[in-house]
Amino acid sequence: MRKTSSNIAIALLALASSAVMAQDVVVKIGHAGPLSGPQATSGKDNERGVALAVAELNASDFKVAGKRVKFELLSEDDQADPRAGVTVAQKLVDQKVAFVLGHYNSGVSIPASRIYNDAGIAMISGASSNPKLTQQGFKTVFRLAANDNVMGAAIARYAADHGVKSVAVVDDRTAYGQGVVDVFLKTATELKLKVVGHEFGTDKSTDFTAVLTKLRGEKPDAIFYGGYYAQAGIMARQMKQLGLDAMLMGGDGICSNDVLTLGATVLEGKFICAQGGSPLASQPGGAEFTQKFRKAYGADIDVYAPAFYVATLAAAKAMQDAGSTDPKQITAALAKVDYDSLLGKVKFDATGEWINPPVTVYNVLGGKLVPLAK
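As structure tokens, this is what we get:
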């Protein structure tokens, strides 16, 4: 009898436990970015930021309208390609995600944003910086990053304030590269910097010899590159080989730790980039986040993992504010969210832009990206 009673008690406890688990609401959320190819470092870094936030939310007693929520992360590789990005976006919509963290590239985020908007699903990018992303009139688009109007202008002002008189520009013809170059050129012209050339490559270029040889004859003090770190590292080496003694500058696309490996030692003291956000070490909780990230992944943060981490938590906060897991109600709550985060206060304007995003300018000193005073 005792064994029977014990077995019954165990069975009842198991049933009770199953009932509690059955009461959990499973919410699917999406991440999309370049998880393969030359920009995979950035895509995986962003994905890790989202995954770390999901792990913390799931380990907490996170509730919406009194019901415990468990998050399931669906992560997709958009290959940094607009067509693949649209396919990935539709796949996430079909899987009925509540919101999406991504994409990384502006040229992917812009076409993908229409898919999410048509489905009423919020997308929050912690990286895509082309101003056009939030100028489409979509109520589902949010940017937790500084846009090109801020970053391109910041680099132009820094150049003018630090002795640069003449500049040349090269862009990779992507939405990001062209966007940040346009803003840099506009501000540089206003600041009376002499623009001595505008050349082009692609986001897959590996040989800039002809472009750089042409620009070498103009003897620019600096070259502003509108593109990504993989090409910037190659360009830096080829500038050195050609004897082109100019500063290499750019926006957040080249502001990655990977550019240090690709550019070897030639970037030392000859490299300037701008990145949205304040240096993590200067933020309350920044050192703790860095340690958590390293412990979880055995790797250092690259660039925007903190932004994607915060974006995930901000969306979860919006879900609680809405008292709903319905995507449309989450989107409406995100437009009003007021969240004190690792990156500072998160609030969005009517277009989905992060209000008052900080920007930091970096140099390469001692083989590391080091924040500089503006």
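According to the working numbering, the sequence shown is numbered sequentially starting from 45.
Don't be surprised by glycine CBs; every beta carbon is placed ideally from N, CA and C.
Computed from a prediction, not measured in an experiment: that's the story for all the values here.
Check: Limits of the beta strand (DSSP E) - the one that P415 falls within; Outcome: K412 to L416
Check: DSSP state of F268 mapped onto helix, strand, coil; Outcome: strand
Check: Element boundaries [alpha helix (DSSP H), containing Y341]; Outcome: G330 to Y341
Check: Buried/exposed call for M65, threshold 16 Cβ in 10 Å; Outcome: Per-residue confidence for M65 stands at a pLDDT of 48, beneath the threshold of 50, marking its modelled position as unreliable; no derived number is given.
Check: Three CB pairs or more closer than 8 Å across the segment 225 to 241 and the segment 261 to 271; Outcome: yes
Check: Inter-residue Cα distance where the pair is A355 and A95; Outcome: 12 Å
Check: Three-state secondary structure (DSSP) of R112; Outcome: strand
Check: Rounded separation between R338 and Y202 - CA only; Outcome: 32 Å
Check: Identity of the residues DSSP links to R187 by a beta bridge; Outcome: S169 and E397
Check: Spatial neighbours of E262 in its chain, beta-carbon cut-off 8 Å, leaving aside the 5 residues before and after; Outcome: S210, A212, V240 and G241
Check: Nearest candidate by alpha-carbon position, reference F333, set P126, I316 and A351; Outcome: A351
Check: Bounding residues of the beta strand (DSSP E) (the contiguous stretch that carries T404); Outcome: V403 to L409
Check: Where the alpha helix (DSSP H) through Y353 begins and ends; Outcome: A349 to A366
Check: Beta bridge counterpart(s) of F228 as assigned by DSSP; Outcome: The partner list for F228 (beta bridge, DSSP) is empty, contrary to what the question assumes.
Check: Cβ neighbour criterion (16 or more within 10 Å) applied to D192; Outcome: buried
Check: Per-residue burial, N400 [other beta carbons within 10 Å of its own, 16 or more giving buried]; Outcome: exposed
Check: Own chain partners of G164 with C-beta closer than 8 Å, once the 5 adjacent residues on each side are dropped; Outcome: T184, P371, K372 and T375
Check: A377 beta carbon less than 9 Å from that of A394; Outcome: no
Check: Residues near R260 by beta carbon distance below 8 Å, same chain, minus five either side; Outcome: L286, G287 and L288
Check: Which listed residue (G77, A99, V69 and D68) has its alpha carbon closest to that of K336; Outcome: A99
Check: Under 9 Å between C-beta atoms of T231 and A200; Outcome: yes
Check: Secondary structure of G261, DSSP reduced to three states; Outcome: coil
Check: Distance between V347 and A331 (C-alpha atoms, nearest Å); Outcome: 15 Å
Check: Given G151 as reference, the closest of V113, G93 and P78 once Cα atoms are compared; Outcome: P78
Check: C-alpha distance - L387 paired with P402, whole-angstrom precision; Outcome: 9 Å
Check: Distance between beta carbons of L118 and Q139, contact taken as under 8 Å; Outcome: 6 Å
Check: Simplified DSSP assignment, three categories, for S385; Outcome: strand
Check: Same chain, Cβ closer than 6 Å to A76, five either side skipped, listed in chain order; Outcome: E120, D122, V132, G146 and H147
Check: CA-to-CA distance, G170 to A366, given in whole angstroms; Outcome: 22 Å
Check: Cα-Cα separation, D33 to A358; Outcome: Any question about residue 33 goes unanswered here, given that the chain covers just 45 to 418.
Check: Counterpart residues of M195 in DSSP-defined beta bridges; Outcome: In DSSP, M195 forms no bridge with anything.
Check: Nearest to T305 (by Cα), restricted to the options L416, G277, P323 and C299; Outcome: G277
Check: DSSP state of K88 mapped onto helix, strand, coil; Outcome: helix
Check: For H75, the residue or residues it bridges with in DSSP; Outcome: S119 and L145
Check: CB of V71 within 9 Å of CB of V113, strictly; Outcome: yes
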